[in-house]
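Protein sequences, first through last, are from chains P and A. Using this note's numbering, you'd call the opening residue of the first sequence number 1 and step up by one each time. Using this note's numbering, you'd call the opening residue of the second sequence number 1 and step up by one each time. Below is one structure; the comments refer to it alone.
2 protein chains.
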Amino acid sequence: MHNARKTSRPSLASPPIDDELYGITELAQEFGISLRAIRFYEDKGLLAPRRINGGRAYTRRDRVRLGLILRGKAVGMSLAEIEHILSLYGDHGEGHAKQLEYLVDRIDAAMRELDMRRCNIEAMCAELGEVKRQLQRTLAAKRRARKA
Amino acid sequence: MHNARKTSRPSLASPPIDDELYGITELAQEFGISLRAIRFYEDKGLLAPRRINGGRAYTRRDRVRLGLILRGKAVGMSLAEIEHILSLYGDHGEGHAKQLEYLVDRIDAAMRELDMRRCNIEAMCAELGEVKRQLQRTLAAKRRARKA
DNA sequence: CATGTTGTTGACGTTAACGTAAGCACTGGG
DNA sequence: CCCAGTGCTTACGTTAACGTCAACAACATG
């Protein structure tokens with residue numbers, strides 16, 4: 001898999017059929033992670049790239065999923081939790097109403113979870129802001145003292 | 001350390017001198033974590049309770065720090081990162097202007113970090129919201145189909 | 001054809017963040 | 001005085017999330 005085929009797409013775009021593939025190192029560099037990590041996510045079932053000649057070939061959709069994985073991590077989610085989130089991103093165009101409603105509930109739950117994290121972050125920011133203001137008051141006092 | 005002395009504070013409040021101490025199990029229950037975890041945070045230098053009769057005695061300040069630790073964790077920070085944040089919460093009432101300015105910079109950096117996480121969370125929420133709207137459109141279509 | 005690059009699998013090592021278990025010390029109650 | 005309850009320490013086990021290394025396959029290139 002040396003040639004990470006750019007599929008030069010010659011202006012005349014045949015609809016979404018040639019699927020724009022990426023190589024593993026390509027993704028690794030783009031996202032600044034190791035090959036090993038990407039393979040690891042695959043082992044965990046978070047990614048499932050096609051194989052071409054034994055090598056992994058990632059689609060745009062895989063790329064998006066990888067992005068989500070990394071954002072999830074940056075936000076402090078475990079790979080297990082991220083897997084849940086990713087499962088909400090399927091095709092589920094087919095599915096009975098009940099199942100779709102269930103999915104909507106799951107999404108709501110996930111969003112509430114994220115919201116809690118956001119609240120915690122804002123609380124920490126607020127506290128840090130407090131500390132900062134306190135420090136600045138001390139600083140201002142020091143400056144006034146020096147002036148006098 | 002069976003008696004987690006409530007220091008009944010008899011209305012006549014002598015200034016901040018008796019310091020309202022907490023026992024380890026008390027804190028563990030209040031925050032819903034294990035004793036082992038609290039001791040672990042101590043090993044990592046995140047907490048430094050006084051000792052009374054061989055037992056750990058936590059002040060209000062320790063309690064606040066523990067709260068910060070747990071919020072930090074909920075936000076996806078490592079204990080090492082949390083340690084940095086906590087170091088910003090010291091007494092540093094004494095310190096030269098240079099050092100105070102440095103602290104302010106550190107705080108700003110920490111707040112920027114937190115802000116990035118917040119952005120990531122909001123992005124994930126937005127994407128989930130998209131998925132949700134899509135699902136709801138599909139659901140609505142199904143309902144219309146059933147109606148007809 | 002020899003070589004180098006890129007990729008794959010498998011096994012093992014590592015770090016963080018605890019959990020679990022064993023054994024000793026203190027303390028209050030019957 | 002004995003025992004249950006609580007706590008402390010030390011040591012080892014565990015899980016998640018990778019990193020590292022070795023050995024090998026496919027492929028392009030000189």
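Glycine is no exception: its CB is placed at the ideal position from the N, C-alpha and C atoms. Given the structure is predicted, the values throughout are model-derived calculations rather than measurements.
Residues sharing a beta bridge with residue i, DSSP
i            : result
residue 57/P : 50/P
residue 22/P : 58/P
Chain A contact for residue i (CB, 8 Å cutoff)
i             : result
residue 69/P  : no
residue 110/P : yes
residue 44/P  : no
residue 27/P  : no
residue 107/P : yes
Proximity below 8 Å, CB of residue i to CB of residue j
i            : j             : result
residue 97/P : residue 139/A : yes
residue 76/A : residue 75/P  : yes
residue 79/A : residue 46/A  : yes
residue 66/A : residue 27/A  : yes
residue 56/P : residue 49/P  : yes
Best match in the options for proximity to residue i [C-alpha to C-alpha]
i             : options                   : result
residue 87/A  : 74/A, 76/A, 75/A, 102/A   : 102/A
residue 142/A : 100/P, 78/P, 29/P, 130/P  : 100/P
residue 64/A  : 32/P, 123/P, 137/P        : 123/P
residue 70/P  : 56/P, 89/P, 32/P          : 32/P
residue 132/A : 40/P, 73/P, 106/P         : 106/P
residue 125/P : 111/A, 126/A, 127/A, 72/A : 111/A
residue 127/P : 89/A, 36/A, 81/A          : 89/A
residue 104/P : 85/P, 120/P, 119/P        : 85/P
residue 82/A  : 113/A, 60/A, 54/A, 94/A   : 113/A
residue 72/P  : 145/P, 118/P, 147/P       : 118/P
Minimum Cβ-Cβ distance from residue i to chain P less than 8 Å
i             : result
residue 86/A  : no
residue 53/A  : no
residue 99/A  : no
residue 74/A  : yes
residue 123/A : yes
residue 138/A : yes
residue 117/A : yes
residue 41/A  : no
residue 89/A  : yes
residue 31/A  : no
residue 114/A : yes
residue 142/A : yes
residue 147/A : no
residue 79/A  : no
residue 38/A  : no
residue 128/A : yes
residue 135/A : yes
residue 103/A : yes
Per-residue burial, residue i [other beta carbons within 10 Å of its own, 16 or more giving buried]
i             : result
residue 38/A  : buried
residue 2/P   : For residue 2/P, the pLDDT reaches just 45, beneath the cut-off of 50, and the residue's location in the model is therefore unreliable, although a value from the coordinates is still provided. It is exposed - the Cβ of residue 2/P has fewer than 16 other Cβ atoms within 10 Å.
residue 23/P  : buried
residue 62/A  : buried
residue 51/P  : exposed
residue 7/A   : With a pLDDT of 36 at residue 7/A, under the threshold of 50, the modelled position of that residue is not reliable, and the figure given next carries that caveat. So residue 7/A ends up on the exposed side.
residue 120/P : buried
residue 137/A : exposed
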